[in-house]
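Residue 1 is where the sequence shown starts when you use full-length UniProt numbering, and the numbers rise one by one after that. Beta carbons: idealized from backbone N, C-alpha and C, even for Gly. From a predicted model like this one, the values you see are computed outputs, not experimental measurements.
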Amino acid sequence: MKKTFTLLVAVILTLSVWLTGCSGGEKENPSSDNQLSSTPENVNESGFPVVKEPVKLKMMGAKFPLQGPWDQMMFFKEMEKMTGISFEFDTPDAKVYDEKKNLAFASNNLPDVFFGGNLSSFDQLNYGKQGLLIPLEGLIDKYAPNLASLMEKDPSIKKAITSPDGHIYALPQITDITRDLMTQKAYLNYSFMEALGNPEAPQTVDELFELLKRFRDEDPNKNGIKDEVPMSFDTLKNDALYNARVFLLPAFGENEDRFNNSAGSTTRLTVKDDTLYHTVLTDGYKEWVKFMKKANDEKLLDPEIFIQTTQQFKAKGADNRIGFSTMVAPFLVWKIEKPEDNAKYPLVLPLTSSISQEKVFAPKQSIIPGAFAITKHNKHPEATLRWVDYLYTPEGFILANQGVENEAWEWKDAEKTSWVRIVPEGVPMEEFRAKNTPDVGTILPMLKSRELNYKQDNLINSILNEHSEQLSEFSKVGMPLLFLTEEEESRANILKNDLNNYIAQMEAKFILGNESMDKWDDFTATLKKMNVDEFIGIYQTAYDRYTASK
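In structure tokens form, the structure reads like this:
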């Protein structure tokens, strides 16, 4: 059934493009200037409500399983009270959302607004050129002053969301939490360290290696069985060693991008002195592979690393078998009953090696594009933009992130220095939040405020915030967000998928010893034959556009 539906979408997309071409289509690169001739009579330029008379629009977005119905969420109800704007919701399950989104574009059965829209750069440029998404840059200064202010303070935001044709077709999620508590961090098992007499946390990869050997040999879980797994990682996006690379590869002098594309898989590229290169072709990457191979040879690396599921990984942690891993928080790896005990698990700061003495931590990108867009069917683009602009304020963030004040959260003091969640007894915290707002899984257009985040009176968050503060001085982004043209993205995705699949296969073979390291030159030669230089060149062109833009 799913294959039939996918085929139907493809046929409709093809027919739609053909008909557009035959009829001359929509005006390419439509200007937004004509939308600014005057302030619409029904829109208040500032304050609330946004509109003088109520407006109802159609909204489409991806709904995740834990979420309740969007039309019953306190977030949307409160926004309607404040702004006068309500919505008719179309919220396909996240698993089929992209197919439903593509069908909506192909059939011209569009909503007025995509919210949590997951619009790729290809979607933005392709449907923007067809006139199905309206350009927003001419509207932002007047109707989205909060977002405009953020872009003025940080020019990288505007660069990241401006398509190669010069238009902004979709708005992003922005994180000012440079010390993001939700980023992956490296931790050591507290009980293992205690059993070994609480040795110092490692500062180099060699020190880490020696500690892992102690985990292997000294029965730190004290069960009399040699069942310890010194080092293991959760699989992410079918990339078994992604988390291992994020933390350990910088120790060898290389810092890959973190999902620098709309498809969500890493390009494995980085930039130095305005020149892009593929990290897999570097000496640092080769040394990382040799380190991981040595760890596997010494039985320090989880033998199931390439085949285990997330559930299997977490089961090992809950059974107190894992010694070293990466995760947002310790309790997501190990079984921890008291929140305060998360602080006992030693944070491992960035390591160095014999070939690199610089400590580097690879943070997540602070901008996630494609979260919000307005379609050509929307008769109230100015009001819609004013509606979403509130989410780029601290007050809008906490409403979208938690729900209504005194119903989902409250200030603990009159000075507003600390706030807490309000959760009904017996209801899991995230389950309650998912009934209040789609910001549980869905990427929303908003500013994630560091100030408000740090004010939450939550013990685990306080611990993670402290850890993030420690990592912040070492943070270094591998490459800025780059916006490809349709042709570039189409070709780059083909090359990237082939390259990443081959690299993943060879990575496993080298580390497991199924391929000799003597074959390394053959490996890199094959990458050349697979057009890795063309792949780099595509992103180099996009990077040059990025640096040339204002």
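Which residue or residues does DSSP assign as beta-bridge partners of residue i?
| i | result |
| --- | --- |
| A373 | F114 |
| T204 | T352 |
| V420 | E410 |
| V229 | I322 |
| T175 | K448 |
| M60 | D90 and F114 |
| Y187 | S325 and L347 |
| S475 | F361 |
| E507 | None, per the DSSP bridge assignment. |
| L236 | D239 |
| E405 | W409 |
| I85 | V55 |
Less than 8 Å between the CB atoms is what I'm expecting for residue i and residue j, so what's the real figure, rounded?
| i | j | result |
| --- | --- | --- |
| N531 | L495 | 6 Å |
| M446 | L385 | Their Cβ separation, rounded to whole angstroms, is 14 Å, which puts M446 and L385 out of contact at 8 Å. |
| N44 | K52 | 7 Å |
| F535 | L499 | 6 Å |
| M60 | D90 | 5 Å |
| G284 | E254 | 4 Å |
| K448 | T175 | 4 Å |
| residue 551 | A492 | Here the chain covers residues 1 to 550 and nothing more, so residue 551 does not appear. |
| A62 | T526 | Contact doesn't hold; Cβ gap of about 37 Å is too wide. |
| P369 | K359 | No, P369 and K359 are not in contact; Cβ-Cβ is about 30 Å, not under 8 Å. |
| A504 | T326 | Contact flag wrong, Cβ pair sits at about 18 Å. |
When you measure from the CB of residue i to every non-hydrogen atom of the ligand FAD, does any distance come out below 6 Å?
| i | result |
| --- | --- |
| M73 | This structure lacks the ligand FAD; in fact it carries no ligand of any kind. |
Measuring CA to CA, which of the options is closest to residue i?
| i | options | result |
| --- | --- | --- |
| F324 | D257, R545, E337 and F192 | F192 |
| W411 | E395, P424 and G426 | E395 |
| N108 | A434, F122, L133 and T91 | L133 |
| E507 | A244, E207, G68 and R321 | A244 |
| T183 | D98, Q540 and H467 | H467 |
| I355 | P65, E515, L249 and F483 | L249 |
| E430 | P54, P65 and G61 | P65 |
| L125 | T162, T541, Q357 and K63 | T162 |
| L211 | P54, N189 and A408 | N189 |
| H167 | P350, T352 and A373 | A373 |
| G128 | A251, D234, D98 and K376 | K376 |
| Y543 | A408, P164, F397 and F105 | P164 |
| N223 | R321, D239, A170 and N198 | R321 |
| Q72 | P346, T393, F432 and I538 | F432 |
| E425 | F247, A408 and N461 | A408 |
| S475 | F247, T526, M151 and I422 | F247 |
| Y502 | E489, P330, K529 and E487 | K529 |
| P303 | D141, D319 and E228 | E228 |
| G513 | V289, K95 and S490 | V289 |
| T279 | E487, G478, F76 and F75 | G478 |
* Contiguous beta strand (DSSP E) assignments of at least 3 residues, all confined to the stretch 328 to 384 -> 367 to 374
* Please determine if the stretch 194 to 205 and the stretch 397 to 404 are in contact, where contact requires at least 3 C-beta pairs separated by less than 8 Å. => no
* To do: Decide if the stretch 301 to 311 is in contact with the stretch 213 to 221; the criterion is three or more beta carbon pairs, one per stretch, under 8 Å apart.
  => no
* Asked: Do the stretch 291 to 298 and the stretch 155 to 172 make contact, defined as three or more Cβ pairs closer than 8 Å?
  -> Note that the stretch 291 to 298 does not touch the stretch 155 to 172; fewer than 3 beta-carbon pairs, one per stretch, sit closer than 8 Å.
* Unbroken stretches of the beta strand (DSSP E), 3 residues or longer, contained in the stretch 267 to 322 -> 269 to 272 and 275 to 278
* Asked: Between the stretch 336 to 348 and the stretch 77 to 89, do three or more beta carbon pairs fall short of 8 Å?
  -> no
* Asked: Quick one: any contact between the stretch 133 to 149 and the stretch 431 to 444, if contact means 3 or more CB pairs under 8 Å?
  -> no
* Stretch-stretch touch, CB-based, cutoff 8 Å, three pairs: the stretch 512 to 519 with the stretch 470 to 479 -> Because the criterion of three Cβ pairs below 8 Å is not met, the stretch 512 to 519 and the stretch 470 to 479 do not touch.
* **Stretch-stretch touch, CB-based, cutoff 8 Å, three pairs: the stretch 351 to 365 with the stretch 111 to 120** => These segments do not touch.
* Ignoring anything shorter than 3 residues or poking outside the stretch 123 to 181, list the beta strand (DSSP E) runs there in chain order. => 171 to 175
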